[in-house]
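Enquirer: Heads up: the sequence shown is residues 1 to 134, going by the UniProt record's numbering.
Glycine included, each C-beta is placed from N, C-alpha and C at the ideal position.
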Amino acid sequence: MILVDTSAWVEYFRATGSSAAVEVRRLLSEEADQITMCEPIAMEILSGATDDRAQARLEQLVNGLPSLTVDQAVDFRTAASIYRSARRSGQTVRSINDCLIAAVAIRHGVGIVHRDADFDVIAGIAPLAATSFR
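Below you can see the structure in the form of C-alpha cells.
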C-alpha cells in the first residue's frame, strides 16, 4: 500500500506538471489498488475545497480509497515522540499533523509519497519509508 500525502494530491489536483503530480497520475493509472488514505490526510484534503463542486470531487476521492485509521492510544504518542526526536536532533517539523500521518504510516507498514520537507525530516529520524518529490 502507498499513502499519498496531501502535498502530492495538491500538485495533482492543480495539474502543476511537477514530479509529484506526475507520480500521483502514474499511481492512479498503474497502481490505483495500492493507494490508501488516512484520516488526517482526508481532513487536510477536504479542508481545501473551494466550492461545493470541489467538495463533492474531494469527497469522492476520500471515500473511494481504503483508509488507514488513527489509533489514538498508539499514534498520538508516536507522533509526539517523532516531533520531540526531531527537535532534539536540531530539526524542525512544522506540522504535528505530519508527525501523526507518519505515525499511522509506520504502524501500518506503508510508504508515503510526498512533496513536504517535514517527511524528509521525519524519515531521517524514524522508520518511515518516504518517497520525496520535492
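1. Three-state secondary structure (DSSP) at Ser-18?
2. Under 8 Å between the Cβ atoms of Ile-96 and Tyr-83?
3. With distances taken between CB atoms, is the gap from Ala-130 to Gly-109 smaller than 8 Å?
4. Which term fits Thr-36, buried or exposed, when burial requires 16 or more other beta carbons within 10 angstroms of its beta carbon?
5. Is Arg-115 closer than 8 Å to Arg-134 when the C-beta atoms are compared?
6. Straight-line CA distance for Asp-120 to Pro-127?
7. Tell me Met-37's beta-bridge partners as DSSP assigns them.
8. Have a look at Gln-72, Ala-123, Arg-57 and flag the residue whose alpha-carbon is nearest the alpha-carbon of Ala-86.
9. With 16 as the cutoff for other CB atoms within 10 Å, does Glu-31 come out buried or exposed?
10. Beta-carbon separation of Leu-61 and Leu-3 under 8 Å?
11. Whose CA, out of Ala-56, Gly-64, Glu-44, Asp-98, lies closest to the CA of Phe-76?
Expert: In terms of the structure at hand:
1. coil
2. In this structure, Ile-96 lies near Tyr-83, with their beta-carbon atoms less than 8 Å apart.
3. no
4. buried
5. yes
6. 11 Å
7. Per DSSP, Ser-67.
8. Ala-123
9. exposed
10. no
11. Asp-98
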